[in-house]
Amino acid sequence: MRANLLVFLLFVQSAFSQSINHWETAIYPSDNWRYRVNETATPTGWNLSNFDDSQWSLGQGGFGYGDNDDATTVPNCISVSIRTTFNVSDINEIAMAVLSVDYDDAFIAWINGVEIARSAGLQGVNVNWDTPSSENREAVMYTGGRPTDFLIKKDILASALRNGNNVLAIEVHNTSSGSSDLTIIPYLSVGITVSNSYYQLTPDWFNPPVTALSSNLPIVIIDTHGQTVQSDNEIVATMKVVDKQSPPNSIADNDFTYNGTIHLEYRGQSSLWNDWPKKSYNVELINALGENIDSALMGMPPGNDWALYGPYNDKSLIRNALAYEIGRRMGRYAPRTAFCELILNEQYAGLYLLIEKVRRDKNRVNIAKLTQNDISGDDLTGGYIVKIDKGDFDEFGWASPYTHNGKPINFLWHYPKPENILPVQKNYIRNYITTFENTLNSSYWNDPFLGYYRYVNMASAVDYFLVNELSKNIDAYRISTFLHKDKDSKGGKLTFGPMWDYDLTFGNANYYSGDSPQGWVFKSISTDDYYQPPFWWDKFTTDDKFNNMARCRWEELKSSGLLTRTGVHAIIDSMTTLIQDARIRNYNTFNSLGVWVWPNAFVGSTYEQEVNYLKNFVSSRLLWLDANLPGVCKDEPNPIMISAIPNPFNEYFDLRVILPEVGQITLKLTSISGSVVWQMSENATLTSFVYRYQAQDLQKGIYILTAYLNGKYLGAVKVIKG
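For the sequence shown, my numbering begins at 96 and goes up steadily by one.
So, in structure tokens, the structure goes:
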């Protein structure tokens with residue numbers, strides 16, 4: 096890997112020596128092609144220009160079966176090979192070329208035997224005629240989509256093209272010969288440097304590669320150097336970021352805030368399962384040796400792992416950014432974001448949102464680092480980040496002992512990473528969360544001393560509840576739900592957050608009442624869904640303390656102006672103003688306005704309609720929550736700092752102390768005359784402390800029980816043995 100990377104870094108793409116005058120399409124799928132339905136090995140040299148294809152069948156493209164999108168229908172098969180010719184008068188007049196292909200399931204293309212494009216699904220050098228595609232991909236043009244563009248680099252084009260007759264050869268592969276469909280619909284377009292016309296006009300949907308772009312947003316320029324981005328195998332690519340302090344930014348700028356190597360792969364299940372033309376990416380910054388490096392991007396603190404999120408089913412383009420901004424203004428850490436525009440392999444790829452990933456560091460989830468040496472005592476107690484999520488098998492941590500609607504609640508490792516966390520550390524955080532769940536399920540679940548408050552950061556639970564209910568996040572509580580815990584010495588209780596993944600929010604889902612501004616999210620999930628919210632939220636919302644805290648926090652955020660119609664609309668307006676030019680370019684490339692995209696509840700024909708729908712949903716949701724949030728906001732009396740139960744007592748009493756902070760607690764039991772009859776000291780790692788004193792040998796009488804914290808008087812209580 097490292098040796099290959101060093102060779103890779105030595106590759107320098109030659110610059111275009113001439114500017115492009117205009118674009119034409121040299122090959123349409125409707126042209127006549129020679130084709131072969133492969134039942135045996137393809138002849139040697141079939142993709143070369145001098146191959147005699149006169150014995151092959153002749154037909155009009157595209158080719159395939161099963162989707163009614165084929166001009167030439169072929170029988171069920173594993174692969175089809177096709178060839179056609181085009182003439183070039185002067186190769187020096189062609190500066191660039193793009194192969195646009197609609198396909199099912201995978202293909203490789205050549206010009207005169209030189210490979211010019213390859214889709215995902217056919218990897219390696221030993222691709223034979225009967226090699227099945229590893230990707231199950233659906234064609235898109237028959238449902239209104241546009242073909243995928245593959246830019247042919249200048250150096251490859253120069254080695255492939257020749258003056259005179261040229262051959263474009265393509266072999267399309269199925270996942271199996273029994274597959275229900277197959278498609279190959281290719282277009283070859285060329286950028287011509289002179290005003291002469293040689294071929295046909297380009298299709299209406301064709302967008303030439305970007306040679307000039309000026310934007311008020313940062314510009315991300317990624318080059319995969321001919322490699323195909325994949326969903327399960329990262330590739331090495333290069334990335335440049337243009338982000339001047341005083342925009343506009345231009346792809347012609349040479350002053351980059353990042354100019355280096357990255358690992359790149361697809362991210363996001365929805366965009367891949369639905370085969371959306373706009374993809375999201377995982378970006379990992381690396382050095383020349385392939386080692387992770389940290390770098391500050393777009394005003395965010397240095398980091399290594401980033402998500403380059405391409406909003407597609409969210410037609411407002413801002414739902415994720417909006418939710419995170421609300422979370423930050425509530426005083427919680429939420430991933431920082433930056434709108435940007437992406438140039439991928441010299442083609443405009445749309446408006447994107449760069450998001451910092453969930454990470455433990457002082458600028459993000461600010462908890463203690465957990466090392467291989469932290470295996471006992473306070474060292475073992477933090478920090479941890481876990482999540483309730485779908486995830487991969489190797490991320491799986493444990494299943495809660497408490498199912499919900501018969502479905503498991505699965506916890507996944509996040510920090511430390513699955514390969515780094517030690518068994519003793521796994522046991523600690525699993526036992527801590529299970530103890531919290533056991534307490535929440537007990538008869539004393541909301542006892543002020545023994546209840547679940549001992550284990551949970553209540554303020555974080557309240558804020559997490561409010562932001563997810565406000566946004567009507569149908570994934571809340573059960574998917575992308577992060578939890579973290581710091582060391583006990585730092586007051587480490589189970590803390591909810593950070594927030595993550597808010598595209599199916601604010602009315603952007605047509606299931607689980609996601610489009611209704613009424614109702615509770617945690618009560619809206621179908622009992623048949625495998626991913627259920629844990630029982631916690633049913634309990635929390637029947638607890639007067641939780642409800643009162645939620646109502647008080649709501650009133651506080653209303654009074655601040657944040658959770659009001661005016662406040663949220665102002666955030667929306669600021670974001671839509673920021674992206675007003677970029678979103679026009681985005682929708683010129685991905686014309687999804689007026690088109691239903693899973694799981695849209697509303698389909699606006701214009702961007703303004705989409706934003707108005709978002710605003711109206713927010714307004715209605717705020718009104719409903721204001722009218723339906725339970726609880727009463729009132730001043731809570733100071734809790735009893737120290738108590739003994741039962742009192743009077745006979746054989747024992749339970750001492751309960753609420754501490755202002757963790758530390759060394761000292762207890763003294765003295766007689767009415769002042770004699771110390773019992774004393775103990777212990778390191779309290781929680782802010783609620785319970786101790787059972789066995790009093791069988793204690794004489795009847797009146798005693799004073801005094802508590803000290805870190806040597807300072809905390810409180811006292813009179814106890815009586817009867």
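C-beta: ideal position from N, C-alpha, C; glycine also.
Boundaries (first-last residue) of the beta strand (DSSP E) holding residue i
| i | result |
| --- | --- |
| phenylalanine 202 | 201-206 |
| threonine 765 | 758-766 |
| phenylalanine 577 | 576-580 |
| glycine 161 | Glycine 161 -> no beta strand (DSSP E), and no H or E assigned at all. |
| glycine 810 | 807-816 |
| valine 551 | Note, valine 551: premise wrong, no beta strand (DSSP E); not H, not E. |
| glutamine 322 | Where glutamine 322 is concerned, there is no enclosing beta strand (DSSP E), given that its DSSP letter is neither H nor E. |
| lysine 482 | 479-483 |
| threonine 801 | 796-804 |
Separation of residue j from residue i, as counted between CA atoms
| i | j | result |
| --- | --- | --- |
| tyrosine 447 | proline 543 | 47 Å |
| lysine 580 | asparagine 642 | 23 Å |
| glutamine 340 | isoleucine 314 | 13 Å |
| proline 303 | isoleucine 470 | 58 Å |
| lysine 729 | isoleucine 753 | 21 Å |
| threonine 226 | valine 209 | 20 Å |
| leucine 101 | tyrosine 353 | For leucine 101, the predicted structure reports a pLDDT of 35, less than 50, and the residue's modelled location is therefore unreliable. The matter cannot be settled from this model. |
| isoleucine 799 | leucine 762 | 10 Å |
| tyrosine 803 | valine 812 | 12 Å |
| serine 411 | aspartate 162 | 32 Å |
| methionine 334 | isoleucine 438 | 10 Å |
| tyrosine 547 | asparagine 408 | 39 Å |
| leucine 384 | valine 331 | 11 Å |
| lysine 816 | serine 738 | 15 Å |
| threonine 135 | arginine 454 | 52 Å |
| serine 114 | alanine 190 | 7 Å |
| proline 281 | serine 390 | 40 Å |
| proline 124 | alanine 204 | 14 Å |
| glycine 398 | leucine 565 | 30 Å |
| serine 776 | glutamine 789 | 16 Å |
| serine 184 | asparagine 258 | 6 Å |
| proline 725 | phenylalanine 617 | 15 Å |
| phenylalanine 591 | alanine 429 | 11 Å |
| phenylalanine 577 | aspartate 623 | 23 Å |
Residue j beta carbon less than 8 Å from that of residue i
| i | j | result |
| --- | --- | --- |
| leucine 256 | isoleucine 186 | yes |
| asparagine 603 | arginine 414 | yes |
| isoleucine 82 | aspartate 484 | One cannot answer for residue 82 here, as it falls past the ends of the chain, which runs 96 to 817. |
| valine 557 | methionine 594 | no |
| tyrosine 786 | leucine 764 | no |
| asparagine 695 | asparagine 605 | yes |
| alanine 677 | glutamate 360 | no |
| tyrosine 701 | glycine 445 | The sequence as given places threonine at residue 701; tyrosine does not occur at that position. Against a cut-off of 8 Å, the Cβ pair of glycine 445 and threonine 701 comes out as no contact. |
| serine 228 | asparagine 116 | no |
| tyrosine 550 | threonine 534 | yes |
For residue i, the first and last residue of its enclosing alpha helix (DSSP H)
| i | result |
| --- | --- |
| tryptophan 649 | 639-654 |
| valine 209 | Careful: valine 209 lies outside any alpha helix (DSSP H), inside the beta strand (DSSP E) at 209-213. |
| tyrosine 527 | 518-535 |
| arginine 455 | Taken as a continuous stretch (DSSP letters only), arginine 455 belongs to no alpha helix (DSSP H), as it is neither H nor E. |
| asparagine 182 | Segment 174-183 is the beta strand (DSSP E) holding asparagine 182; no alpha helix (DSSP H) there. |
| isoleucine 388 | From DSSP, isoleucine 388 is part of no alpha helix (DSSP H); its letter is neither H nor E. |
Expected contact under 8 Å - CB spacing of residue i and residue j to nearest Å
| i | j | result |
| --- | --- | --- |
| threonine 120 | leucine 246 | The Cβ separation is near 15 Å, so there is no contact. |
| isoleucine 346 | glutamate 379 | 23 Å between Cβ atoms; not a contact. |
| methionine 393 | aspartate 348 | Incorrect: roughly 15 Å between the Cβ atoms, too far for contact. |
| histidine 268 | alanine 166 | Rounded, the Cβ-Cβ distance is 20 Å, inconsistent with contact. |
| arginine 178 | serine 152 | Going by Cβ atoms, the distance from arginine 178 to serine 152 rounds to 11 Å, so no, they are not a contact pair. |
| alanine 418 | tyrosine 597 | 4 Å |
| asparagine 133 | cysteine 172 | 6 Å |
Buried versus exposed, by CB contacts within 10 Å (16 or more), residue i
| i | result |
| --- | --- |
| glutamine 364 | exposed |
| threonine 297 | buried |
| proline 170 | exposed |
| histidine 509 | buried |
| lysine 807 | exposed |
| valine 519 | exposed |
| threonine 671 | buried |
| proline 372 | buried |
| serine 537 | exposed |
| tryptophan 649 | buried |
| asparagine 805 | exposed |
| asparagine 182 | exposed |
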